[in-house]
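Please read the structure below before turning to the comments.
Residue numbers (the numbering used here): 1 to 576.
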């Protein structure tokens, strides 16, 4: 059983609150859920939507078409009615709806059944205000789905706990919506046969925040920029319990510089931004490369160029992450695909940055950053690795030449051995130099770290076997929908014809596993969320001499929306 509920309206009407509360309450009632939202770059107005997937099996993707829709604004109803399933029910809170001609033509084959709710009047009669209409809608939906009121009431009380003076009115309005007679009768949903109690409901950004704290990060600096902003707010909300230093800087340049300063003196720190903000940080990125200061950047992707689509999703900043900054220096680029990745790989990013003394860029995207996933327990699976020298030998040099390019690193003031740190090319003690032989040797020393870190990075995750005819290669949030689709197609066909290779570490790139898989003659399909196939191009550059490496097809989406389950299913179903 999979059921899709859609709530639409304007920014400022509490659409996200409805979705978030229902997602958590349904999880507590024994259902698997996934929450996806769309919203404009406006505080009020525009068209906003929250889509909730309800299932008796784990679900980590969303779909194009919905079974049921509630609309709090006329324009949002017209906009989203086109993607309803035939015979769907629409409930709206406004009177005298008229379908525009262009919408009427689109929904002719759908023939939805439309019901008007006198939600505002009922909300006021129940002792609420116009702003509580969304609470009335929650109660109405909950009864329509055939659920017991207790679970929803608990979640509403948690969500609005900071407004105790309004709690009585909110509960009264909720009860009113729940008790309103339903013209359609109630829908029957099938809960999971397994308990969902072990799961927490969280976004990708919340998991990144937990991963950073678990890794020993004690300072976070950022200038707010969607979709990275909620890492800043999450850590700020936790700061009284964690003791972390959280600073909203005046701009992205300052945020990056403060992060470098903290890492330099020994405090694990992080900064987060989106593409436009990362552009401003790239000079600091180069400084980290030259001075060999550990650095962790979170790059939360959205469509560009320029401001682009600031509240939508994309994976088009891979080239930016790999090639940004002037000069040549080693770096690591890794990507997150779900909330478990967001926790564990964020932890790993700090270890890599400190051990190899280089910048690490963590790629996420708006879809992962803000969608609600069910996540089981998150545990630190390894000890923190600082990569610091405790006992510094006499006459040691901070930038001494080594076989792997990794020089001893100690914190300023912890040893009698002194060194200089600056942005110029330098000698082993950090003093500026323009000696060309020394400059070249130091350049080569830093680049040696690429091979050292490459040898230590894990191979991509392979799901399949030697009998697979097709290999889907993907990374980031698309992996979750690709995995679900492959599982469904393989089960339907009774085979494992389609395999998946998930890349977590994108640069430097390991291809040994892929090389071995290709020996079986498997045909390769790339799935990514950009227009030019940035990762496909990177892989092809490394395997262009491999005779068994055959790219059969590519799926690229770059309209700002995530890859929906049904469109990926339709794409991969032809390969059997």
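Every residue, glycine too, gets a C-beta built ideally from N, C-alpha and C. Model, not experiment: these values are computed from the prediction.
Taking a contact to mean a Cβ-Cβ separation below 8 Å, would you say residue i touches residue j in this structure?
i, j, result
"residue 448", "residue 404", "yes"
"residue 39", "residue 25", "no"
"residue 505", "residue 457", "yes"
"residue 175", "residue 132", "no"
"residue 284", "residue 249", "no"
"residue 269", "residue 259", "yes"
"residue 62", "residue 94", "no"
"residue 205", "residue 315", "no"
"residue 400", "residue 408", "yes"
"residue 286", "residue 327", "yes"
"residue 572", "residue 489", "yes"
"residue 117", "residue 91", "yes"
"residue 421", "residue 291", "yes"
"residue 275", "residue 325", "no"
"residue 303", "residue 312", "yes"
"residue 160", "residue 152", "no"
"residue 82", "residue 103", "yes"
"residue 309", "residue 231", "no"
"residue 149", "residue 187", "no"
"residue 192", "residue 31", "yes"
"residue 138", "residue 21", "yes"
"residue 50", "residue 18", "yes"
CB of residue i to nearest heavy atom of the ligand COA: below 7 Å?
i, result
"residue 107", "What this structure holds is no ligand at all, so the ligand COA is not there to describe."
Apart from the five residues just before and just after residue i, which ones in its own chain have a Cβ nearer than 6 Å to its Cβ?
i, result
"residue 360", "296, 332, 349, 352 and 353"
"residue 384", "216"
"residue 454", "508"
"residue 72", "9, 13 and 93"
"residue 587", "Nothing in the structure corresponds to residue 587, since the chain is present only between 1 and 576."
"residue 493", "576"
"residue 225", "273, 274 and 277"
"residue 583", "This structure cannot speak to residue 583, because the chain is shown only from 1 to 576."
"residue 135", "170, 173 and 174"
Between which two residues does the alpha helix (DSSP H) harbouring residue i extend?
i, result
"residue 237", "229-242"
"residue 106", "101-106"
"residue 262", "252-265"
"residue 46", "Careful: residue 46 lies outside any alpha helix (DSSP H), inside the beta strand (DSSP E) at 45-55."
"residue 416", "Note, residue 416: premise wrong, no alpha helix (DSSP H); not H, not E."
"residue 402", "Careful: residue 402 lies outside any alpha helix (DSSP H) and carries neither H nor E."
"residue 582", "The chain is shown from 1 up to 576; residue 582 falls before or after that span and cannot be answered."
"residue 38", "That residue, residue 38, is in no alpha helix (DSSP H); its beta strand (DSSP E) goes 32-38."
"residue 25", "15-28"
Following the continuous beta strand (DSSP E) through residue i, name the residue where it begins and the one where it ends.
i, result
"residue 86", "84-92"
"residue 359", "359-365"
"residue 392", "Taken as a continuous stretch (DSSP letters only), residue 392 belongs to no beta strand (DSSP E), as it is neither H nor E."
"residue 202", "200-203"
"residue 248", "245-248"
"residue 67", "66-71"
"residue 2", "2-11"
"residue 373", "372-375"
"residue 272", "269-273"
"residue 221", "219-222"
Suppose the cutoff is 7 Å on Cβ atoms and the five residues either side in sequence are ignored; what does the same chain contact list for residue i look like?
i, result
"residue 438", "427"
"residue 3", "54, 67 and 189"
"residue 402", "none"
"residue 11", "39, 40, 42, 43, 44, 45, 46 and 48"
"residue 355", "385 and 387"
"residue 468", "496, 497, 498, 499 and 522"
"residue 252", "223, 273, 277, 280 and 281"
"residue 433", "425, 426, 427 and 439"
"residue 60", "34, 338, 373, 480 and 484"
"residue 100", "78"
"residue 142", "149, 152 and 178"
Could you round the C-beta distance between residue i and residue j to whole angstroms and report it? I think they count as a contact, below 8 Å.
i, j, result
"residue 140", "residue 27", "That pair is no contact at about 20 Å."
"residue 264", "residue 293", "5 Å"
"residue 551", "residue 524", "5 Å"
"residue 210", "residue 378", "6 Å"
"residue 367", "residue 474", "Rounded, the Cβ-Cβ distance is 13 Å, inconsistent with contact."
"residue 510", "residue 330", "Actually they are not in contact, since the Cβ atoms of residue 510 and residue 330 sit about 15 Å apart, beyond 8 Å."
"residue 88", "residue 112", "5 Å"
Once the 5 residues before and after residue i are set aside, which same chain residues still bring their CB inside 8 Å of it?
i, result
"residue 465", "496 and 499"
"residue 125", "176"
"residue 319", "534"
| Any alpha helix (DSSP H) of 4 or more consecutive residues that is wholly inside the segment 492-528 | Under the rule that a run must span 4 or more residues, the alpha helix (DSSP H) segments found entirely inside the segment 492-528 read 512-518.
| request: Can you check the segment 280-362 for any beta strand (DSSP E) of at least 3 residues that lies completely inside it and give the ranges in chain order? | output: Runs of the beta strand (DSSP E) lying entirely within the segment 280-362 and spanning at least 3 residues, in chain order: 295-301 and 332-335.
| query | Fully enclosed by the segment 107-168, which beta strand (DSSP E) runs are 3 residues long or longer? | reply | You should have 113-116.
| query | Considering only residues of the segment 439-496, which uninterrupted beta strand (DSSP E) runs meet the minimum length of 3 residues and lie entirely inside it, listed in chain order? | reply | With a minimum length of 3 residues, the continuous beta strand (DSSP E) runs that stay inside the segment 439-496 are 461-463 and 470-475.
| said: Report the start-end ranges of each beta strand (DSSP E) in the segment 538-573 that is 3 residues or longer and not cut off at the edges. | reply: Listed in chain order, the beta strand (DSSP E) elements of length 3 or more contained wholly in the segment 538-573 are 550-556.
| alpha helix (DSSP H) segments (min. 4 residues) lying fully within the segment 166-190 | Every alpha helix (DSSP H) of 4 residues or more that sits fully in the segment 166-190 is shown, in chain order, as 167-179.
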